[in-house]
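Numbering (this note's numbering), first residue to last: -9 to 75.
All C-beta atoms, glycine included, are put in the ideal place defined by N, C-alpha and C.
A quick note: this is a predicted structure, and the numbers were derived from the prediction, not measured.
What follows is a short report on a single structure.
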Amino acid sequence: MKKALQAVASLVAVAAVGTWLATGAHRGWTKTSVQKMTLDEVTGIESPSYEKKFVAGVDFLGAGLLAAGGLAGISLFFRHQKKPD
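Next comes the structure, spelled out in structure tokens:
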């Protein structure tokens, strides 16, 4: 049980860091929409528009690493089982 929890904790940490890096390593809060400047074809004026896009922020990274740390901490409460001879 101890090794399984440690393995899951490692996977959670790697997944959190990987997701954060894959979505742009944003150092702000998590965003679900991103501002994009679009050019109006008729008037030639640029205006902001928003497109739905998930960008993981440091809160996502912190929550993932905190969850991984919690799982690793819980694994410390389990004793190592000795193999029978």
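| Check | Outcome |
| --- | --- |
| Residues in its own chain within less than 8 angstroms of K21 by CB, not counting five upstream and five downstream? | K43, F44, V45, G47 |
| In or out: A6 buried (at least 16 other Cβ within 10 Å) or exposed? | buried |
| From the DSSP secondary-structure annotation, give me the bridge partner or partners of L21. | With the sequence shown as reference, residue 21 is identified as Lys, and Leu is not the correct amino acid for it. Its beta-bridge partners are V45. |
| Does the distance from the C-beta atom of A(-6) to that of L55 stay below 9 angstroms? | no |
| Using the Cβ count rule (16 or more neighbours within 10 Å means buried), how would you classify W10? | buried |
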